[in-house]
Amino acid sequence: MFCWLLRKLVVMPGYIANYGYTDGSGDWYIVVDSDKCDGCGKCVEACPQNVLEIIVDDYDDKVVAIRKEHHKNIKYVCAQCKPVSSPRDVRCQKACPSGAISHSW
Amino acid sequence: MITAGIDVGAKTIKAVIVKDNKIVARSMNPTGFEPVVTAEKTLEEAVKQAGISRNDIKKIFSTGAGRKSIPFADHNVTEVTADAKGMNYLLPSVRTIVDIGAEEARGISSDASGRVLDFSKNDKCAAGAGAFVESMSRALELTVPLMIEISHKSTKEAPINATCAVFAESEVVSLIHTKIDKADIAHAVHDAIASRVSSMVRRIPIEKDVALIGGVANNTAIVEAMKKHLGVEIKVPEKPDYVSALGAALLAAA
Amino acid sequence: MTTEFYRWTENTWKSPDIDWRKGQTITCGIDVGSVSSQAVILVDDKIYAFCNTRTGSNSPDSADKALSISLKDTGMKPEDIQFIVGTGYGRVNIPMAKKAITEIACHARGANYMGGPSVKTILDMGGQDLKGIHCDERGKVTQFLMNDKCAAGTGRGMEVMAELLQVPIVDVGKMSLDVKEEPEPVSSTCVIFAKSEAIGLLRSGWTKNMVLAAYCSAMAHRVVGLLERIGVEKEFVITGGIAKNIGVVSRIEKELGLKVKPLSPDPQIAGGLGAAIFAKDLLLKSRKAA
């Protein structure tokens, strides 16, 4: 675990990915910190709408990403966990052991 | 008591006159570039239709995108409030209202007395609203009524991915080039809009009865597609474009 | 439809003094975007040739076309290229590419090559998307944001306006700056709304230049809003076709209070160039392993 962390910080610093969009109604992004994500996939299993997937990125690391078909409707597809007025139960964030995934709203 | 409601929409302006809780006149005109002038004209037409004089109207409430710009309105109300009130008058069993206008779509959850409990909007984006339908009809080089007609004859699915009316227009053009039947494209267009509006509506609790209003509710292909996506029976009142204006008129009488 | 006003000039360039036959590595990057495609040929560390062409109805054909145009009159044949990397919207469908890499990573590398290690923030205004990218001094991505839901702020949005006003898209920038005073911007959130607003403005007596100024201003506003989400640090560069529109670029500079570092030879080739550089890395890695 320590070696992995060392490698991440010294050899291959990660990046922050913002998946989603901005339109007239606001900013709707899922933010992934690749430094904190080790590709464990717990968030993928927790998501009731199958929004997430684990990919191998351009720098050959396993990391979580949003499925292509959901890039443009994040606001609506995440609505189950983040409805307009009822209390929120954001399952992917709860499932992640390192806080790698978050929402901009 | 006689009251009037004026719905200043992005595409059309509607006026409804209510006398002692009964609808006595309805009138509509394209908004054009001078909404105040058009609103005045539309109200005058409704007045004539009702066989009354302008001074008989006790109160005028405005609603719609341009509701704050009408100088002769006594008060303005939000579209959401007006929709819920108008719908409650026409069909009191309705608890979920979907209003698809020219440039905006709304999902409203209301109670038995027509009060708004919750709502979600798809605003400031032409996708998932009437402007999308018009944009696509241009790309298909068909009138909107013709596009609706052939859409019912579709036999195959055609893919339309775009969540933007501008991108969808280019997609449709390339689909036509690959010789896909226009009927299938038309069907896919309606399906795409319904899918988008349904996702928006699912942000609020969906309870029967569900109604569809707004100008786009006249589009039978959209109604079909919405039923499929939401998985419920959908009621469309007579003259669905006027529900907002009706609601405003009723609120003026309250 | 007679003249198509939205058509920007396709271009191609070839180095007059490099002899590719003497190169140690000959690699190529092909970027098939939703509106334009580029092929960039890299010989050792130098750009040998490139071309900018309009994407057709299918990806493999567009890649082929871009490649053959850039190879024209060079004596080089596709078989002479030692490694090809594909990128862009159509990257999964470029048959001659050995590997596909995201346009985010490629843009960062390409911008780093053209602008130098001081480049920190890249704005890519593509044909159908907007990207904000932060990179380090080696051109590696440290943060990115991509918005491809709307036409607002993209090349396609600009094409719609050019078509509406019947103005060749290459003249838009210049015309938008030729106004007595800066007008109020139109809707920055939706091209369809901006278009209807523009029609209304024209009717009320605005000149074409004023409407173009209002639209360029709206575009700049949208783009700056997007960038502010990730922050802007010097040096700041713009890639993609709209980088060539001075009307939009100057207004972005004004709103950010920051000058854009110009990129040469062509800001539109950043993706293809980055892909060609990745191709060189992969080629050298495979030679070492052999």
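Residue numbers (my numbering), protein chains in the order written: chain P, 491 to 595; chain D, 195 to 448; chain U, 417 to 706.
We put the CB at the ideal spot given by N, CA and C, even for glycine.
Residue closest to residue i, alpha-carbon to alpha-carbon, out of the options
{"i": "residue 565 (chain U)", "options": "P:579, P:564, P:588", "result": "P:564"}
{"i": "residue 234 (chain D)", "options": "D:310, D:214, D:208", "result": "D:208"}
{"i": "residue 484 (chain U)", "options": "U:512, U:650, U:620", "result": "U:512"}
{"i": "residue 492 (chain U)", "options": "U:569, U:593, U:457, U:625", "result": "U:457"}
{"i": "residue 439 (chain U)", "options": "U:472, U:460, U:453, U:620", "result": "U:460"}
{"i": "residue 385 (chain D)", "options": "D:263, D:417, D:403", "result": "D:417"}
{"i": "residue 635 (chain U)", "options": "U:667, U:552, U:498, U:499", "result": "U:667"}
{"i": "residue 419 (chain D)", "options": "D:399, D:342, D:370, D:397", "result": "D:342"}
{"i": "residue 589 (chain U)", "options": "U:601, U:702, U:628", "result": "U:628"}
{"i": "residue 490 (chain U)", "options": "U:453, U:481, U:437", "result": "U:437"}
{"i": "residue 599 (chain U)", "options": "U:615, U:631, U:570, U:705", "result": "U:631"}
{"i": "residue 296 (chain D)", "options": "D:395, D:329, D:305", "result": "D:329"}
{"i": "residue 603 (chain U)", "options": "U:465, U:638, U:434", "result": "U:638"}
{"i": "residue 591 (chain P)", "options": "P:556, P:523, P:509", "result": "P:523"}
{"i": "residue 454 (chain U)", "options": "U:443, U:471, U:441", "result": "U:471"}
{"i": "residue 334 (chain D)", "options": "D:229, D:293, D:369, D:220", "result": "D:369"}
{"i": "residue 500 (chain U)", "options": "U:494, U:444, U:671", "result": "U:444"}
{"i": "residue 548 (chain P)", "options": "U:521, U:560, U:593", "result": "U:521"}
{"i": "residue 263 (chain D)", "options": "D:407, D:230, D:291, D:300", "result": "D:230"}
{"i": "residue 670 (chain U)", "options": "U:633, U:683, U:705", "result": "U:633"}
Extent of the continuous alpha helix (DSSP H) run through residue i
{"i": "residue 538 (chain P)", "result": "Segment: none, residue 538 (chain P) is in no alpha helix (DSSP H) and carries neither H nor E."}
{"i": "residue 224 (chain D)", "result": "Careful: residue 224 (chain D) lies outside any alpha helix (DSSP H), inside the beta strand (DSSP E) at 216–224."}
{"i": "residue 560 (chain P)", "result": "Taken as a continuous stretch (DSSP letters only), residue 560 (chain P) belongs to no alpha helix (DSSP H), as it is neither H nor E."}
{"i": "residue 522 (chain U)", "result": "519–531"}
{"i": "residue 502 (chain U)", "result": "Careful: residue 502 (chain U) lies outside any alpha helix (DSSP H), inside the beta strand (DSSP E) at 499–503."}
{"i": "residue 687 (chain U)", "result": "686–705"}
{"i": "residue 573 (chain U)", "result": "571–581"}
{"i": "residue 590 (chain U)", "result": "588–593"}
{"i": "residue 547 (chain P)", "result": "That residue, residue 547 (chain P), is in no alpha helix (DSSP H); it is neither H nor E in DSSP."}
{"i": "residue 584 (chain P)", "result": "581–585"}
{"i": "residue 383 (chain D)", "result": "376–395"}
{"i": "residue 480 (chain U)", "result": "475–487"}
Endpoints, the beta strand (DSSP E) within which residue i is located
{"i": "residue 608 (chain U)", "result": "No beta strand (DSSP E) contains residue 608 (chain U), which is instead part of the alpha helix (DSSP H) from 607–619."}
{"i": "residue 458 (chain U)", "result": "452–459"}
{"i": "residue 540 (chain U)", "result": "537–541"}
{"i": "residue 444 (chain U)", "result": "442–448"}
{"i": "residue 562 (chain U)", "result": "557–563"}
{"i": "residue 466 (chain U)", "result": "462–470"}
{"i": "residue 430 (chain U)", "result": "427–430"}
{"i": "residue 552 (chain U)", "result": "Where residue 552 (chain U) is concerned, there is no enclosing beta strand (DSSP E), given that its DSSP letter is neither H nor E."}
{"i": "residue 366 (chain D)", "result": "Element bounds for residue 366 (chain D): not the beta strand (DSSP E) but the alpha helix (DSSP H), 359–371."}
{"i": "residue 198 (chain D)", "result": "196–202"}
{"i": "residue 507 (chain P)", "result": "506–513"}
Presumed contact (8 Å Cβ cut-off) between residue i and residue j, rounded CB distance
{"i": "residue 446 (chain D)", "j": "residue 255 (chain D)", "result": "4 Å"}
{"i": "residue 431 (chain U)", "j": "residue 462 (chain U)", "result": "7 Å"}
{"i": "residue 707 (chain U)", "j": "residue 512 (chain P)", "result": "The shown model of chain U, from 417 to 706, leaves out residue 707 (chain U), and the question about it has no answer."}
{"i": "residue 224 (chain D)", "j": "residue 206 (chain D)", "result": "6 Å"}
{"i": "residue 647 (chain U)", "j": "residue 523 (chain U)", "result": "Residue 647 (chain U) to residue 523 (chain U), Cβ: 17 Å. No contact."}
{"i": "residue 277 (chain D)", "j": "residue 438 (chain D)", "result": "6 Å"}
{"i": "residue 515 (chain U)", "j": "residue 700 (chain U)", "result": "Wrong, their Cβ atoms sit about 14 Å apart, outside the cutoff."}
{"i": "residue 317 (chain D)", "j": "residue 258 (chain D)", "result": "With a Cβ gap of about 13 Å, residue 317 (chain D) and residue 258 (chain D) do not count as contacting."}
{"i": "residue 533 (chain P)", "j": "residue 585 (chain P)", "result": "5 Å"}
{"i": "residue 443 (chain D)", "j": "residue 210 (chain D)", "result": "5 Å"}
{"i": "residue 331 (chain D)", "j": "residue 395 (chain D)", "result": "That pair is no contact at about 24 Å."}
{"i": "residue 521 (chain P)", "j": "residue 540 (chain P)", "result": "So it is not a contact: roughly 19 Å between Cβ atoms."}
{"i": "residue 411 (chain D)", "j": "residue 430 (chain D)", "result": "5 Å"}
Cβ-heavy atom distance, residue i to the ligand NAP, below 8 Å
{"i": "residue 355 (chain D)", "result": "Absence of the ligand NAP from the depicted structure is noted, as is the absence of any ligand whatsoever, leaving it without description."}
Where residue i meets chain B, residues with beta-carbon distance less than 8 Å
{"i": "residue 368 (chain D)", "result": "Going by chain labels, chain B is absent from the structure shown, which instead holds the protein chains P, D and U."}
Inter-stretch contact (C-beta, 8 Å, three-pair minimum) for the stretch 316–329 of chain D and the stretch 388–401 of chain D: Segment contact: the stretch 316–329 of chain D against the stretch 388–401 of chain D, three or more CB-CB distances shorter than 8 Å; contact assigned.
So, does the stretch 236–255 of chain D touch the stretch 412–426 of chain D, judging by three or more C-beta pairs under 8 Å? Cβ pair count under 8 Å is below three, so no.
Between the stretch 472–482 of chain U and the stretch 535–546 of chain U, do three or more beta carbon pairs fall short of 8 Å? Look at the beta carbons and you see the stretch 472–482 of chain U not touching the stretch 535–546 of chain U: under three pairs across the two are nearer than 8 Å.
Unbroken stretches of the alpha helix (DSSP H), 4 residues or longer, contained in the stretch 282–349 of chain D: Those alpha helix (DSSP H) runs which fall completely within the stretch 282–349 of chain D and span 4+ residues are 324–333, 338–345.
So, does the stretch 594–610 of chain U touch the stretch 672–683 of chain U, judging by three or more C-beta pairs under 8 Å? Output reads no: the stretch 672–683 of chain U does not touch the stretch 594–610 of chain U.
Just checking, does the stretch 650–658 of chain U make contact with the stretch 529–542 of chain U on the three C-beta pairs under 8 Å criterion? Between the stretch 650–658 of chain U and the stretch 529–542 of chain U there are three or more C-beta pairs closer than 8 Å, enough to call the two in contact.
Enumerated in chain order, which unbroken segments of the alpha helix (DSSP H) with a length of 4 residues or greater are wholly contained in the stretch 622–681 of chain U? If we require 4 residues or more, the alpha helix (DSSP H) runs fully inside the stretch 622–681 of chain U come out as 624–646, 662–672.
My parser needs the beta strand (DSSP E) runs of 3 or more residues fully inside the stretch 219–262 of chain D; what are they? Correct list: 253–257.
Check whether the stretch 377–384 of chain D and the stretch 339–353 of chain D touch, using three or more Cβ-Cβ pairs below 8 Å as the test. Output reads yes: the stretch 339–353 of chain D touches the stretch 377–384 of chain D.
Using a Cβ distance threshold of 8 Å, determine whether the stretch 358–375 of chain D contacts the stretch 617–631 of chain U, with at least three qualifying pairs required. The stretch 358–375 of chain D, when compared against the stretch 617–631 of chain U, does not touch it at the 8 Å Cβ threshold.
Do the stretch 656–674 of chain U and the stretch 569–583 of chain U meet, that is, are 3 or more Cβ pairs less than 8 Å apart? At 8 Å Cβ cutoff, the stretches touch.
Do the stretch 274–292 of chain D and the stretch 397–415 of chain D touch if we need at least three Cβ pairs shorter than 8 Å? Yes, the stretch 274–292 of chain D is in contact with the stretch 397–415 of chain D.
Just list the alpha helix (DSSP H) runs in the stretch 420–447 of chain D, keeping only unbroken ones of 4 residues or longer that don't cross its boundaries, in chain order. Whole alpha helix (DSSP H) segments, 4+ residues: 437–447.
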